[in-house]
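Numbering (our numbering), first residue to last: 307 to 540. In this text, a Cβ means the ideal position worked out from N, Cα and C, and glycines have one as well.
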Ligand SMILES: [Mn+2]
């Protein structure tokens, strides 16, 4: 089976906290390319930005606003070729029936797709605190303090134990631990905005990076041929 994975688009309501950074028409052409070349397209979380709403805790309203701001993309994602798994910034989609993980077998390869925020101990134990931090981040951007926002994001990245070196990266260790415990060959994540492909013994860790801020990052998986690659642009 040939699969493409994209994540972390952060499609928002069009104000300064909308981190998508693409022209919708151009992005639709990218989606057409994925549809033509892959049997399934996995949307691996943080597709919609619903945490950085103007009012705290109005995620449902924010999701509706974001969808209205990007109507053609919203419609495209309804096609049966797309499989949506929610993340932490679009956790509200879970209320609408979007799952928090996807698992299946293709050509004898066992695959687990999870956004990856479940790894964040602070998010799990003190979700109100991380949600509040993300919401404040939206306002910091909205009032034009983009550089300050990026500094905070960097600090958060370090707190999360991310590393380019797979053996030292706490996020990868968690994901591969899940794959091992639950007997998956490949674990595919998003969340970190750092595209990655890293072998851990017999298991493979993949991260789709991000399609926000104008980036076009996607994973291509061919389970029949055993080809797994990180791609930037098409
Ligand atoms: Mn995330």
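For residue 330, the uninterrupted alpha helix (DSSP H) run begins and ends at 330–343, by DSSP.
By the Cβ-count criterion, residue 530 is exposed, with fewer than 16 other Cβ atoms from all chains shown falling within 10 Å of its own Cβ. Ranked by how close their Cα comes to the Cα of residue 493, the residues 469, 516, 534, 471 have 534 in first place. Judged by DSSP secondary structure, residue 391 falls within the beta strand (DSSP E) whose first and last residues are 388–391. Pairwise C-beta distances place the stretch 374–389 in contact with the stretch 340–358, as three or more of them are shorter than 8 Å. Of all alpha-carbon atoms in 512, 536, 532, the one lying nearest the alpha-carbon of residue 522 is that of 536. Shown here for residue 482: same chain residues with a beta carbon closer than 7 Å to its own, the five before and five after excluded, namely 493, 506, 509, 511 in chain order. Residue state for residue 357 is assigned as coil, using DSSP reduced to three classes. Taking the Cβ of residue 327 as the reference point, every heavy atom of ligand 1 lies at 6 Å or farther away. In this structure, ligand 1 has no non-hydrogen atom nearer than 6 Å to the beta-carbon of residue 376.
Residues 425 of the same chain have their beta carbon placed closer than 6 Å to that of residue 480, with the five preceding and five following residues left out of the count. With the rule of 3 Cβ pairs closer than 8 Å, the stretch 406–414 does not count as touching the stretch 327–339. Annotation: residue 397 is outside any alpha helix (DSSP H) and is labelled neither H nor E by DSSP.
Within the stretch 457–536, the complete beta strand (DSSP E) segments of 3 residues or longer fall at 492–495, 502–506, 509–513, 523–528, listed in chain order. Taking the Cα positions, residue 439 is about 10 Å away from residue 445.
In the DSSP assignment, residue 349 falls within the beta strand (DSSP E) that extends over 346–350. Taking C-beta atoms under 8 Å as the contact rule, residue 313 and residue 421 qualify, at a distance of about 7 Å. For residue 434, the number of other beta carbons within 10 angstroms of its own is below 16, and it is reported as exposed.
Remark: C-beta atoms of residue 393 and residue 355 do not approach each other more closely than 7 Å. Its Cα nearest to that of residue 487, the residue 418 stands out among 342, 418, 364. The residue from 410, 373, 330 with its alpha-carbon nearest to that of residue 396 is 373.
In this structure, the straight-line span from the alpha carbon of residue 329 to that of residue 378 is close to 12 Å.
For residue 311, the three-state secondary structure derived from DSSP is strand. Judged by the Cβ position, residue 393 qualifies as a neighbour of ligand 1 at the 6 Å threshold, a heavy atom of the ligand being closer than this. Taking the C-beta atoms as reference points, residue 532 is found no nearer than 7 Å to residue 327.
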